[in-house]
Every structure is written in C-alpha cells, then in structure tokens.
Amino acid sequence: MKKLFIAVLILVSCESANYVPPVTAEMATTGKRQHVDVAKLNQGRTLFVHRCIECHTLPPLWHYTPKDWTEIVDSMSHRASLKPAERDAVIAYILAVRATER
Numbered sequence: 015m016k017k018l019f020i021a022v023l024i025l026v027s028c029e030s031a032n033y034v035p036p037v038t039a040e041m042a043t044t045g046k047r048q049h050v051d052v053a054k055l056n057q058g059r060t061l062f063v064h065r066c067i068e069c070h071t072l073p074p075l076w077h078y079t080p081k082d083w084t085e086i087v088d089s090m091s092h093r094a095s096l097k098p099a100e101r102d103a104v105i106a107y108i109l110a111v112r113a114t115e116r
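Numbering-wise, our numbering comes out as the position in the sequence shown, counting from 1, plus 14.
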C-alpha cells in the first residue's frame, strides 16, 4: 500500500509540474490584449508542447515572468524552428494562461 501511494504521488507530481492547460474562451479575452484568436492560442499550445519537449521537459508556466517568457521564446525559437507567427502564438498562449490561472 505504501509503494502504491508513493507511485501515485510521483505521477501526480510529474503531471502538475508539466501541466499545460487547454485553451479556453476566457484566455482569448483576458489580460492587456483586447482579444486573441482561440485558434492562435491552440496553435501556441500545440507548438509549446511538441517543440519544446523535444529538447527538455516543459517548465511550469508560472516559473518565469511574462517578460522572461517573451525573451526565452525569442531566444529558443530558432532552435525549435519556429517561424515568427509560430513564435508569437507560443508567447500568446503562455501569456494568456498566466493571465487566467493561478
């Protein structure tokens, strides 16, 4: 029983550390922006999950400030082969999550 509890605790910890929330309608209207297209946010989430995890685990979205995230994504976009519009979508997704959660 103790081993099962530890295994479940480890799995839950890993999941919460790499939690990448799905896009919601609220994300499209929250924050300093008037409106961000839900399709752009979905694209940003998909790119964040698939391109970033190719090299490392996904960092918690609240670990860095919005300014830090913009700089991080800008500096990593060439490694992830992100086009400018894709880079903008990833940044938009991260900032939208930070504006609506926590």
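Beta carbons are placed, not taken as given, at the ideal position from N, Cα and C, and that holds for glycine.
Only a predicted model underlies this, so the values are computations on that prediction, with no experimental measurement involved.
Straight-line spacing of the CA atoms in W83 and H77 works out to 9 Å. For I86, the uninterrupted alpha helix (DSSP H) run begins and ends at P80 to M90, by DSSP. In the assembly as shown, R93 is an exposed residue. Its beta-carbon has fewer than 16 other beta-carbons within 10 Å. For T114, the closest C-alpha among the options E40, Y33 and P36 is that of E40.
Note that the C-beta distance between A103 and L61 is below 8 Å. A Cβ-Cβ separation of about 16 Å leaves V52 out of contact with V34 under the 8 Å criterion.
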